[in-house]
Every structure is written in C-alpha cells, then in structure tokens.
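If you're matching positions, the sequence shown starts at 760 in the working numbering and goes up one per residue. The C-beta atom is built at its ideal place from N, Cα and C for all residues, glycine as well.
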Amino acid sequence: MKFKNKLSAILASVVLMASACDSFLDVNENPNNPEDAPISGLMTNSTYETALNIFRGGSATSNYVQYLASPNPGSSSDIMDPSDFSGTWFSLYNVMTDLDVIIKKSEENGANHYKGAAQILMALNLGMTVDFFGDVPFSQSFNFETVTPAYDDDQELYGRVLELLDEGIANLQGQTSISMGNDDFIYQGNVANWIKFGNTLKARFLLHTKGTSAYSESELLAAVNAGFTSSNDDASVSFFEQRFNPWAQVAINNSNLLLGGWISEQFVEALDGTSYPTVDPRLPLMIGTTDEGEFVGTVNGAGRGNAPEQGARSTLIPGQFYTSTQSPILIATFAELKFIEAEAALQNDRARAYSAYLAGIEAHMDMLGVSDAEKASYLADPSVSMGAANLTLADIMKEKWVALFLHPETWNDARRFDYSYKNMTLPENLNPDLNGQYIRRLAYPDSEVSRNGDNVPSVTLLDRIWWNQ
C-alpha cells in the first residue's frame, strides 16, 4: 500500500505538468509543454497513459470480438458502424508526443535506459495506432513544423515499430547516466523486465506479419525465447485508491444503471459448455450472473429485448480480477506470449506448440485464481488436452481469446483468423455498408478529417491493414 500511495502521489504531482498538448497538431505556446517537464514526470505519465490506451483500445474493439454486447439494439459499437474514435486517436498521439520528448532528452543526457523504455513504449503505441487505422502520420508528427502532417505507409511504419523495439532493447542493455525508478509505473525501473517486455512485444508484432513476406518464424521464436519467463514478468499498471481501474468504473457505473459492460452471448456460450464440450471454470471469475445465478449473454446488435436494466443478463461486475478498483491493466502477459509461441511453432514443432498452448491456459487460470482441482479437471478434458498431434490453430486461438479478455490485441487475432471462432456470427442489424462482412479497420477520426483532410486516406471499414491482405 505504501508503494501504491507513493505512485499515486507521483502521478498526482506530475500528470498535469507531464501531459502533452491536446494533440500533436497544436502549435500554440503551451505552459504545460512537455519539453519543459522533467524526464521522470514524462515517464510516469507515459507508462500510466499507455496502460489507459490498452483500455481505450479494448473499449473500442471488445464488441467486435464479442466479449461485450450493447444492451441497446442497433448500437454502433455492436453493428460495426464507422464510429468516431477521436479520443482514442488523441490519447495515442499524446503519449507518443511525450515519448518523443523523452527520447530526445535522454539522448542529450546519456539516459539510455529511459531512452530504451521510451522506444519500447513508442513502438507499442505506434503499433496499436497502425493496427487500428492503417496509414497514419508519424515521420512529421512531432516536429511541430506543420499542422497537416503527411501519412506514412502502414507497412513501412511496421518496420519502424520493429526497429524501435530493437533499438530500445539495445539501449536498455547498455550503460546509463540516470536510472529509472518509481517514476516507471510498469516495472519500477527493473531493466531486465523491460528487456523481456521489448522482446515479448517484438514477438507480438512479428506474429501479425504471419502470411506476409516479412514473416520470420525463427526471428519470432528467438524473441519468444528472450521474452517473459513467467507471469511475474507481465507488463501491467496497477491502480490505486484515488484512481480506479477503468473497467472497474464501467462495472460500477453499470450497477448504478449507467449501462455498459454487458457480456456477449458468444462469450458466455464459449465458456458455459454450449459451444465447447466442457465448462470453463474461469467464467465465474470473469463475469457476473443473473439474479437467478445463471450466465446469460446479450446478442450482439439485438440489445436486451424485454430484459430489465439489471438482473437478467450477465455483465461485468465490481470486485473480480478485471474489475476490482485496484486491478491492473494488463499490457502484455506471459500467457499471451505462450499462445504466440504455440501459433508460431505449430507448423514445424508441434510438441513445442502443444506445451506452450497448455502453459498459456495454466498461466491465465493461475492469474485468475482457478483452484488446482478445477484447473486439473479442465485440462484433463480431451477437448482441451487433445495431444500434440491433434492440436489445431482454432484450439490455440480460442484459448488465447479467453486469456486476452477485453484486450485490444484480440481484434488483431480475430482479423488474422478471419473471425473464425467457433459459433461466432455476425451481429444482428449489421451496418449494411459492410455487405455481410466483419469490420477490418477503424474509420479515421472526424477531428482528423476536418483538420487534415487532404492527407487522410480514403478508405472503407472493409479495407484491410497491410498484414491482413
């Protein structure tokens, strides 16, 4: 608690000073300009806001992958309308603006560990931005010489993401003039964990390229080998009494009839024994029941029908692993890395793939606090422990989908996997412009179109990110 209180005090004292200007396009003089902020304050804000960007991304995509469903029929989030994600766009660029300043200040002061951590966070935030939108501004985004920055090619930006990760890892492995500490909300200055984090992210982004000429299985598995070795290495930001976990706030708001966090029927039926042969013991640790003690989901796009506002459908509820006020936002986990390894190794080393697949399940179950008996029973079911010879990509993707609950990375998986999860169907009242197909990207924000419209690419929601052709 003392450490959390200290982190809270640090955040409260620097968040205004360290926050970037409202957008990377604002060229007016700003008394809170990040170039006047100390590097430690910028790191505090960047680590904290990066975690919130994971939440913001998950909020944008959780209906698309049918973790969540709207209680209202025809909700734009459910039916895959071209929603305006200006807030998410600005949040991503605000963090990248701060990170750009950290990198420059670190170069001036020989603070290589700060520089390395900032490069890893820059790669993560840039990679998420590309995964959401495709071509985006980057090369002209932080010099403030233009209010209409050019858009860079998404495939070229992916190369930059991987370069940033390699550069960040190298800088963390070298000497530094200034050491990180409690101003780093993710690892509190643990450089070894930052290096593992960089390699884990490298494995994540390399996996996106599978099926393209840029993919290298050996390079990906080398990154896995240098990545997380247990759940103790997970990259996360924990919250504190003064600042609630945002998913906890969604659950609290829903209990107060500000409706949100309703669970999709698809997710419930994937874990309750309907779509798969065995009941998953993680279900009661992840979502709530109805007043009758049952798990009942909401059909995406259809809304709650005649159901009341409370008690008849499963929702996120306060106090569980993902929704306690001080729960962590998970940025990257050992469980995710094991599923990455399983997918990468499946074609040429089935024994390694199967071992990693089982380890991913166990890591997530241990994270949630599943009992040893329930874990053993689930893993003993032949539909789960099918043996290396019978393991399929669908098996891996299903378990990864469960383990990455509410995380935006699952939308990348869903698009790569062509949304082929068992029994997943298109939402009712689907946006007719999608022609009976699933969404493939986010629309560019209205705010960006209005101020930089000459550079914004003309795309539809069906146009694919470069790695998803």
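Check	Outcome
Drop a sphere of 10 angstroms on the beta-carbon of V983, count the other beta-carbons inside from all chains shown, and report buried for 16 or more, exposed for fewer.	buried
For L1189, which residues in the same chain have their Cβ closer than 8 Å to its Cβ, ignoring the five residues on either side in sequence?	I838, M839, G1060, G1195
Considering only their Cβ atoms, is the gap separating G1020 from A1029 smaller than 7 Å?	no
Looking at C-beta atoms only, is the number of pairs between the segment 890 to 898 and the segment 1219 to 1226 that lie closer than 8 Å three or more?	yes
Between A1202 and the rest of its own chain, which residues show a CB-CB distance below 6 Å, the 5 nearest in sequence each way excluded?	P841
Please classify D1125: does DSSP put it in a helix, a strand, or coil?	helix
Should Q934 go down as buried or exposed, given a rule of 16 or more other Cβ atoms within 10 Å for buried?	exposed
Do you know how far the Cα of L1127 is from the Cα of T1074?	17 Å
D859: buried (16+ other C-beta within 10 angstroms of its C-beta) or exposed?	buried
Considering only C-alpha positions, which residue in the set K874, Y910, F1054, D925 is nearest to G948?	K874
Within 10 angstroms of its Cβ, does D1213 collect 16 or more other Cβ (buried), or is it exposed?	exposed
On the criterion of 16 or more Cβ atoms from any shown chain inside 10 Å, does Q1106 qualify as buried, or is it exposed?	exposed
Can you give the beta carbon distance from D1031 to L1042, rounded, assuming they're within the 8 Å contact cut?	6 Å
So within the segment 956 to 1044, which uninterrupted beta strand (DSSP E) runs reach at least 3 residues, ignoring any that extend past its ends?	994 to 997
In the DSSP assignment, find the alpha helix (DSSP H) that holds A1173 and state where it starts and stops.	1168 to 1175
Quick one: Cα of L801 to Cα of R1063, how far?	43 Å
Between the alpha carbons of Q899 and D1039, how many angstroms are there, rounded?	48 Å
Could you tell me which residues DSSP puts in a beta bridge with T704?	This structure cannot settle anything about residue 704, because the visible part of the chain is limited to 760 through 1228.
Please list, in chain order, all residues of the same chain as L921 whose beta carbon is under 7 Å from its beta carbon, the five residues on each side excluded.	K961, F964
Among the residues of its own chain, which have a CB less than 7 Å from the CB of L1096, if the five just before and after it don't count?	T959, A962, V983, G986, F987
Three-state secondary structure (DSSP) at I1224?	coil
Would DSSP call F1091 helix, strand or coil?	In the sequence as presented, Phe is not what sits at residue 1091; that position holds Ala. Here A1091 sits in strand by DSSP.
Out of L1221, A828, S805, which one is the CA nearest neighbour of T1018?	Just to set this straight, residue 1018 is Leu in the shown sequence, not Thr. When each option's Cα is compared against that of L1018, the closest is A828.
Based on Cα-Cα distance, which residue from F1003, Q1001, F1098, Y807 lies nearest to N853?	Y807
Helix, strand or coil for T1048, going by three-state DSSP, please let me know.	coil
Suppose the cutoff is 8 Å on Cβ atoms and the five residues either side in sequence are ignored; what does the same chain contact list for L923 look like?	Q878, I879, M881, A882, L885
What three-state label does DSSP hand V895 in the structure shown?	strand
So, S1034 versus N1171, is the Cβ gap smaller than 7 Å?	no
Taking the beta carbon of E867 as the centre, do at least 16 other beta carbons fall within 10 Å, making it buried, or is it exposed?	exposed
Check the Cβ-Cβ distances between L1044 and every residue of chain C, and say whether any is below 7 Å.	No chain C is present in this structure, which holds just one protein chain.
Identify whether L923 lies in helix, strand or coil by the three-state DSSP scheme.	helix
Measure the C-alpha to C-alpha separation of F1080 and T905 and round it to an integer number of angstroms.	45 Å
Mapping DSSP to helix, strand and coil, what is V1215?	coil
Specify the secondary structure class of T1074 as computed by DSSP and reduced to three states.	strand
According to DSSP, is D911 part of a helix, a strand, or is it coil?	strand
Could you check the C-alpha separation between I1099 and L966 for me, to the nearest Å?	7 Å
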